[in-house]
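What follows is one structure encoded as structure tokens, with my remarks underneath.
Number of protein chains: 4
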Amino acid sequence: MIRAGVVGASGLAGGDLIRLLTQHPEFELTFLGGSSHVGRRPAELHPNLRQDLGLAVEAVTEDVADRVDVLFLATPAPVSADLAALLADRVPALVDLSGAFRIRTPELHERWYPKVQRRPDLAERFVYGVPELVRDRLPDAALISLPGCYATALTLGLAPLTLGLGLDLTTVVVDGKSGSSGGGLQLRATDLHALRNGAIAPYAPTGHRHAAEVGDFLTREAAGKAGSVGSLSMSAYGVSHVRGLLTSTYAFPAEPVDQRALHRAYLRFYKGQPFVRVRRHTETLIPVPDPQAVLGSNYCDVSVLHDPDADRIVVLAALDNLVKGAAGQAVQAANLRFGLPEETGLTMQPVMPA
Amino acid sequence: MIRAGVVGASGLAGGDLIRLLTQHPEFELTFLGGSSHVGRRPAELHPNLRQDLGLAVEAVTEDVADRVDVLFLATPAPVSADLAALLADRVPALVDLSGAFRIRTPELHERWYPKVQRRPDLAERFVYGVPELVRDRLPDAALISLPGCYATALTLGLAPLTLGLGLDLTTVVVDGKSGSSGGGLQLRATDLHALRNGAIAPYAPTGHRHAAEVGDFLTREAAGKAGSVGSLSMSAYGVSHVRGLLTSTYAFPAEPVDQRALHRAYLRFYKGQPFVRVRRHTETLIPVPDPQAVLGSNYCDVSVLHDPDADRIVVLAALDNLVKGAAGQAVQAANLRFGLPEETGLTMQPVMPA
Amino acid sequence: MIRAGVVGASGLAGGDLIRLLTQHPEFELTFLGGSSHVGRRPAELHPNLRQDLGLAVEAVTEDVADRVDVLFLATPAPVSADLAALLADRVPALVDLSGAFRIRTPELHERWYPKVQRRPDLAERFVYGVPELVRDRLPDAALISLPGCYATALTLGLAPLTLGLGLDLTTVVVDGKSGSSGGGLQLRATDLHALRNGAIAPYAPTGHRHAAEVGDFLTREAAGKAGSVGSLSMSAYGVSHVRGLLTSTYAFPAEPVDQRALHRAYLRFYKGQPFVRVRRHTETLIPVPDPQAVLGSNYCDVSVLHDPDADRIVVLAALDNLVKGAAGQAVQAANLRFGLPEETGLTMQPVMPA
Amino acid sequence: MIRAGVVGASGLAGGDLIRLLTQHPEFELTFLGGSSHVGRRPAELHPNLRQDLGLAVEAVTEDVADRVDVLFLATPAPVSADLAALLADRVPALVDLSGAFRIRTPELHERWYPKVQRRPDLAERFVYGVPELVRDRLPDAALISLPGCYATALTLGLAPLTLGLGLDLTTVVVDGKSGSSGGGLQLRATDLHALRNGAIAPYAPTGHRHAAEVGDFLTREAAGKAGSVGSLSMSAYGVSHVRGLLTSTYAFPAEPVDQRALHRAYLRFYKGQPFVRVRRHTETLIPVPDPQAVLGSNYCDVSVLHDPDADRIVVLAALDNLVKGAAGQAVQAANLRFGLPEETGLTMQPVMPA
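Residue numbers (our numbering), protein chains in the order written: chain R, 1 to 354; chain S, 1001 to 1354; chain X, 2001 to 2354; chain U, 3001 to 3354.
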């Protein structure tokens, strides 16, 4: 068994990591870290979890290195930055779910993470990206930085256009819609049920750092070849559910495209990928992609539509922000890191309706 | 007292019309029409309504003309088309809430309302538009066609840019987010609570007829002068609440603009308008515009934001789709039609939280 | 105009008081008090409210007595206790929405409000009770203590049985179901949308102080005559909506009763009361009482059902906890205090669906 | 592999059966039956399901007997009754999730299932009950009738009192609270999102057939010994979430009890049972039992509380109505039927928050 630890055990992503790791046949949970709730058992914090795990939350020290083969950091970016500095050379594998090491371009990092001091040496050692696109860089990767939840959906939605078809996109407008679990368990009045339920809260109407992260990555990957993105702008809204997000990407291509070719290109791009489901908008009785159809699972559902009236491409991508957008993707990356089949421990099907 | 009738009394917009008319000091409800639920009292259909109204649903005949001064049609477009043909010359004032007479351009009408036969003679007699923009055409208007719920928000959001500032917009992308009451009470599996709750349902991802309606109107109003809209495309989503919608409009101007000038232009454009509240995104502890802040009222909250990274304009407009998007706007238009102050009977403040 | 002040202006009940008072034809809002958010305008705190009120939150001092004829205290019980001590003899009318002065029996007060020191002299001067039951004590009452939200529903549901029919009830079991607005805006993890949405939270499974309050009141009113309540126990649950509550009262009568007589007794008991709607469970297409049918209004919907299998009486009572359970009832009581018709400013009909 | 078929594949319980069976290591899905949606693939009906199952919905005939070892009937009671008559002697194992064969006492069956003709011969061959209580009757059982969703929670909550402690209960009041998935996918206006969201719908205020079923079973099991239930009455409410239910059972014991002994008795009664979690109400930061803590899993969370003020016992039981209340319990029973470990294929942990 591969020994796994989770830091940030009392948060929502931490809770889902515990959930997934206790269902995993090859990982064994041996450490739970956190700065709050020290001494608490997981089931006290997350009443869904099994009561017999035999672990409690501990403060993190260097010694954790003796107790884990892989350490998942489900911590705020500044905490992740500090823990990575402490443990990067001590723990065989470190998987960071925060934004601390996502953006490579220095100016962009400073713009979007002004409170997280950049550590250039460390930053360059991290492998960044959704496993579907950087799979061959993950085996034996010591440091892994996972994309944000929106960034995962956005990248999986755009990559077949730019990296796959090599389409140049002049203008890309992203409208992100997320449930309340995206905000974690911080105590803010706007996240109270009484104020959030029924809301459409435009919490980031003129920009979101996950878009910056995606632009940074796609530009790097395109490497000057075809598949450029001109203007990429995003707005983000909190809507009235808990788990799951949808990114609506409205992309204007430099040259005409057609529906059939687009759909085929997506099928081809994701052929054999276990966690990306390319869907036809019309294939089900219920419109998809919709986050409710992936709830609790590691799937990302993607569809591509051509709007002939405006000659624009509409890409919809839905995922569970706590699974494919966080804990599940972390386990997926760790599976690849340790040479396990990618789906190990992640075969649970979505729970719907919920 | 002005005698008022409501056809479509068993539907959601019909119910809200009854609610508003029973609170109205100058209108008296004298007729309820419908093809289903004939004989039912309003409180049986809508358990919120007062139990003592003394009216029941009746089939509509020509004779209704003797019993009302104004007739509100909260009926599906084909029904409205037929009733208008029957009653247009018999009833002093007819206010249609459906799409039957909204689009003036024949090809557009046929594209978006293929099942509603166009009646050119009748269509041209209807005054169309949100009262804020066509106020001086409403007194003594015999036939009034009200914009769709999305169209109201979209028009109120865009008009200060195009009709006010005369800005030419090259590309306009609209992302509409609506609660489930927008779908009425038709029995469709996708509108069951079990399937709709928690969903982000992309039900019209590549186009919505309300956008066609707005393009038709704004083009006509601009009349070839400045304030053109190049490409206008819309996608619409059902999200997990009941009442209220938000339109997010992402507009790319032909020339640079700045935040302060935009906000001032909106304040100026809507100065003295009782039902449009121009809001600063940062003025409240809770992000606005948000439909929850206008629930149950006739307000439309609007804000304009400049995104310097992409040189785009973000316009947010929120309204209660059953009030400012339907019944309230109908009463507002009827107030103007009969020379009453615009706010008469519409002074209720939004109910929040709900 | 009667000058009115609201203390606790930043809370949910405070917000609804401002909403109702700005719609009221006879009250004029002249003071907003609070200990937090001093200097903020109401529309910053409650984005639904009108932006032009010309008032901001101020700290409360004795001087408020010069500026108001009636002061509403929408404050926590300890704060209300202190403010009442300060202002009881200075302000013409004080209406307290908290629990500070609800329970008359000393031992019960100490049991359920251990942190609110009892002030016997002051306590006895307060008129307690729902206006429907203590109407003739309200004109000229200087000090009014309003029942809790659950207590209002529970009392209105039980009174026709005990005070009306004089039924002796051996066992009464109350199951209360409330939305999240009942918890106010305190920052507790359990009230975050992510944890509260979809929950059925048994937050008070073995007793609730509102039941104690009702027992105290009904016992006092019955005054040893028929209409006794043997065991009265309550459990309370938070369910997944925002505004409104339902009390389900399961009462076992000492002697047999029948459905028709019960319903008639309720109709008789509430005849002419504008805010209590006695409903037949079967009269609408939608089961009632249901809080959604009274949302935003001052109605309490009540129904009584006889369950022949168990010879028990089921009483259902639904109200909007922020209106009939708080702000609306406060205005109703103040109307009576100042000799106005009870419905003044409270004629808004429920907003449904929402 | 054991070949499994599901009839009623387009419904909610059918969908969850497919979900669980495709995750199950020992069952292989070989047949999908239904009368509607014939020819549809599962992923068209349930967009969460895997797209590659290679099965489509078929009409059910006798020939299904050649293709399955076990057939799950997730069909309405009248359909189940007919299919059982057709297939009882042909299929090795038949697991019925409907109410057709739940009630043994003829008068009770006729009272609560008037439209389902009773088949005494067949009825007596069915093993009824939650697996936790009838485990030793399941191996080799040819016909299994599963309890209703409420009945499962109610029985698991009451059994330790009556069958375990042998307590006589004079009065038992049950208040059941369920999400909208309990109503299936039938098209009823009251189940539309617009009308159901935010509701507390008293849909069965004076009785529910699941309580009759439980009374029938517990009386039979007590077999005249201690552990009697005097009056057992139930009321049921639809609240504003989708998946999961809570039964609140208020039981008045004939003799005094105390908290500690009650809790211990529950721990003892369910010792070693993998799917019943006895919880202390105070053990978590979030009140439990709450259906959100068991969502998507086969757990039933139970707690017992003594209310000293009224000398009553409060039992709370929460489960996922589609899993432990339907599909999961069906798989659990089938596991036992075929000699597999009870947990096989059911080890998924609850998804929370959702």
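All C-beta atoms, glycine included, are put in the ideal place defined by N, C-alpha and C.
message: Using a Cβ-Cβ distance cut-off of 7 angstroms, determine whether residue 247 of chain R contacts chain S.
response: As a working mapping, residue 247 of chain R is identified with position 247 in the first sequence. No, residue 247 of chain R lies away from the interface with chain S (no Cβ there is under 7 angstroms from its Cβ).
- prompt: At what residue ranges does the stretch 1184 to 1216 of chain S contain a whole run of the alpha helix (DSSP H), taking only runs of 4 or more?
  reply: 1193 to 1196
- prompt: From residue 33 of chain R to residue 332 of chain R, what distance separates their C-alpha atoms?
  reply: Position 33 of the first sequence, counted from the first residue, corresponds to residue 33 of chain R. Position 332 of the first sequence, counted from the first residue, corresponds to residue 332 of chain R. Using only the alpha carbons, I get a separation of about 21 angstroms.
task: Tell whether a beta-carbon distance below 7 angstroms holds between residue 1327 of chain S and residue 1013 of chain S.
output: As a working mapping, residue 1327 of chain S is identified with position 327 in the second sequence. As a working mapping, residue 1013 of chain S is identified with position 13 in the second sequence. Yes.
- prompt: Taking 7 angstroms as the CB-CB limit, is residue 2200 of chain X close to chain S?
  reply: In the third sequence, the residue the question calls residue 2200 of chain X occupies position 200. Closer than 7 angstroms: no.
- request: Anything in chain S within Cβ reach of residue 3187 of chain U, meaning under 8 angstroms, just list it in chain order.
  value: For this step, residue 3187 of chain U is matched to residue 187 along the fourth sequence. Going along chain S in sequence order, the residues near residue 3187 of chain U (Cβ under 8 angstroms) are 1187, 1188, 1189 and 1192.
task: Within 10 angstroms of the Cβ of residue 1349 of chain S, are there 16 or more other Cβ atoms? Answer buried if so, exposed if not.
output: For the purposes of this step, residue 1349 of chain S is identified with residue 349 of the second sequence, where counting begins at 1. Residue 1349 of chain S is buried by the Cβ-count criterion.
message: Looking at chain R, is there any beta carbon in it that lies within less than 7 angstroms of the beta carbon of residue 3008 of chain U?
response: Taking the first residue of the fourth sequence as 1, we reach residue 3008 of chain U at position 8. Answer no: the Cβ-Cβ gap between residue 3008 of chain U and chain R never drops below 7 angstroms.
Residue from X:2330, X:2325 and X:2213 with nearest C-alpha to residue 2300 of chain X: Residue mapping note: residue 2300 of chain X aligns to position 300 of the third sequence, counting from 1. Checked all of X:2330, X:2325 and X:2213; the closest Cα to residue 2300 of chain X is X:2325.
- prompt: What's the C-alpha gap between residue 2304 of chain X and residue 1303 of chain S?
  reply: Against the third sequence, residue 2304 of chain X aligns to sequence position 304. Against the second sequence, residue 1303 of chain S aligns to sequence position 303. Spanning the two alpha carbons is a distance of roughly 48 angstroms.
field: Bounding residues of the alpha helix (DSSP H) (the contiguous stretch that carries residue 2012 of chain X)
entry: Numbered from its first residue, the third sequence carries residue 2012 of chain X at position 12. Element bounds for residue 2012 of chain X: 2012 to 2022.
field: Buried versus exposed call for residue 3110 of chain U [16 or more other C-beta atoms within 10 Å across all chains shown]
entry: Taking the fourth sequence and counting its residues from 1, one reaches residue 3110 of chain U at position 110. Exposed: under 16 other Cβ atoms inside 10 Å.
- prompt: I think residue 1269 of chain S touches residue 1164 of chain S, with their Cβ atoms under 8 angstroms apart; what is that distance to the nearest whole Å?
  reply: Within the second sequence, residue 1269 of chain S is the residue found at index 269, counting from 1. Within the second sequence, residue 1164 of chain S is the residue found at index 164, counting from 1. With 8 angstroms as the limit, residue 1269 of chain S and residue 1164 of chain S qualify as a contact, their Cβ atoms being about 4 angstroms apart.
query: My guess is that residue 1046 of chain S and residue 1015 of chain S are in contact by the Cβ rule of under 8 angstroms, so how many angstroms apart are they, rounded?
result: Within the second sequence, numbered from 1, the residue matching residue 1046 of chain S stands at position 46. Within the second sequence, numbered from 1, the residue matching residue 1015 of chain S stands at position 15. Between residue 1015 of chain S and residue 1046 of chain S the Cβ distance is about 4 angstroms, and since that is below 8 angstroms, they are a contact.
- request: Classify residue 3292 of chain U as buried or exposed, calling it buried when 16 or more other Cβ atoms lie within 10 Å of its own Cβ.
  value: The residue labelled residue 3292 of chain U in the question sits at position 292 within the fourth sequence. Flag for residue 3292 of chain U reads buried.
task: Give the secondary structure of residue 3250 of chain U by DSSP, where H, G and I count as helix, E and B as strand, and everything else as coil.
output: Residue numbering aside, residue 3250 of chain U sits at position 250 when the fourth sequence is read from its first letter. Of the three classes helix, strand and coil, the one that applies to residue 3250 of chain U here is strand, per DSSP.
query: Applying the criterion that 16 or more other CB atoms from any shown protein chain within 10 Å of the CB defines a buried residue, is residue 272 of chain R buried or exposed?
result: As a first step, residue 272 of chain R must be located in the first sequence, where it is residue number 272. Burial call: exposed.
- prompt: Mind checking whether residue 3287 of chain U and residue 3343 of chain U have CB atoms under 7 angstroms apart?
  reply: As a working mapping, residue 3287 of chain U is identified with position 287 in the fourth sequence. As a working mapping, residue 3343 of chain U is identified with position 343 in the fourth sequence. Against a cut-off of 7 angstroms, the Cβ pair of residue 3343 of chain U and residue 3287 of chain U comes out as no contact.
- prompt: If you compare alpha carbons, which of R:353, R:317, R:311 and R:151 is closest to residue 209 of chain R?
  reply: The residue labelled residue 209 of chain R in the question sits at position 209 within the first sequence. Measuring from the Cα of residue 209 of chain R, the nearest candidate turns out to be R:151.
task: Could you have a look at residue 299 of chain R and say whether DSSP puts it in helix, strand or coil?
output: Here residue 299 of chain R corresponds to residue number 299 of the first sequence, with the count starting at 1. Residue state, collapsed to three classes: coil.
- prompt: Any C-beta of chain R sitting closer than 7 angstroms to the C-beta of residue 3348 of chain U?
  reply: Translated into the one-based positions of the fourth sequence, residue 3348 of chain U becomes position 348. So yes, residue 3348 of chain U belongs to the interface.
- prompt: Could you check where the alpha helix (DSSP H) with residue 3331 of chain U kicks off and where it finishes?
  reply: As a working mapping, residue 3331 of chain U is identified with position 331 in the fourth sequence. 3328 to 3337 is the extent of the alpha helix (DSSP H) around residue 3331 of chain U.
query: When burial is assigned at 16 or more other CB atoms within 10 Å of the CB, is residue 2371 of chain X buried or exposed?
result: Any property of residue 2371 of chain X remains undetermined from this structure, which presents chain X solely from 2001 to 2354.
message: Do residue 231 of chain R and residue 171 of chain R count as a contact pair if the criterion is CB distance below 7 angstroms?
response: On the first sequence, position 171 is the one that residue 171 of chain R refers to. On the first sequence, position 231 is the one that residue 231 of chain R refers to. Yes, these two residues count as a Cβ contact at 7 angstroms.
task: Run the CB neighbour count on residue 10 of chain R, radius 10 Å, all protein chains shown included, and call it buried at 16 or more, exposed below.
output: Start at 1 with the first residue of the first sequence, and residue 10 of chain R comes out as number 10. Buried, by the Cβ-count rule.
task: Please state whether DSSP places residue 1067 of chain S in a helix, a strand or coil.
output: Taking the first residue of the second sequence as 1, we reach residue 1067 of chain S at position 67. Coil, per DSSP.
- prompt: What does residue 19 of chain R touch in chain U if you count any residue whose Cβ is under 7 angstroms from its own?
  reply: Along the first sequence, one-based indexing puts residue 19 of chain R at 19. Chain U residues near residue 19 of chain R: 3349.
task: Out of U:3072, U:3107 and U:3144, state which residue places its alpha-carbon closest to the alpha-carbon of residue 3101 of chain U.
output: As a position in the fourth sequence, residue 3101 of chain U is number 101, starting the count at 1. Closest by alpha carbon: U:3144.
Residues sharing a beta bridge with residue 2002 of chain X, DSSP: Residue mapping note: residue 2002 of chain X aligns to position 2 of the third sequence, counting from 1. DSSP output for residue 2002 of chain X lists X:2027 as bridge partner(s).
field: Where residue 3082 of chain U sits in the DSSP three-state scheme
entry: As a first step, residue 3082 of chain U is located in the fourth sequence; it is residue number 82 there, counting from the start. Helix.
query: Exposed or buried, which one is residue 2090 of chain X when buried takes at least 16 other CB atoms within 10 Å?
result: Here residue 2090 of chain X corresponds to residue number 90 of the third sequence, with the count starting at 1. Residue 2090 of chain X comes out exposed.
query: Can you tell me the Cα-Cα spacing of residue 3316 of chain U and residue 2213 of chain X, whole angstroms?
result: Position 316 of the fourth sequence holds residue 3316 of chain U. Position 213 of the third sequence holds residue 2213 of chain X. Approximately 25 angstroms between the Cα atoms of the pair.
query: Which chain X residues sit within Cβ distance under 7 angstroms of residue 181 of chain R?
result: Sequence index remark: in the first sequence, residue 181 of chain R carries index 181 (1-based). Correct list: 2194.
query: Thinking C-alpha only, which one of U:3086, U:3279 and U:3323 is nearest residue 52 of chain R?
result: Taking the first sequence and counting its residues from 1, one reaches residue 52 of chain R at position 52. The shortest Cα separation from residue 52 of chain R among U:3086, U:3279 and U:3323 belongs to U:3279.
- request: Round the Cβ separation of residue 2057 of chain X and residue 2073 of chain X to the nearest angstrom and send it over; I've been treating them as touching at under 8 angstroms.
  value: Taking the first residue of the third sequence as position 1, residue 2057 of chain X is located at position 57. Taking the first residue of the third sequence as position 1, residue 2073 of chain X is located at position 73. Not a contact, Cβ separation roughly 14 angstroms.
message: For residue 1115 of chain S and residue 1099 of chain S, I'd like the C-alpha separation in whole angstroms.
response: To locate residue 1115 of chain S, count along the second sequence from 1; it is residue 115. To locate residue 1099 of chain S, count along the second sequence from 1; it is residue 99. Cα-Cα distance, rounded: 11 angstroms.
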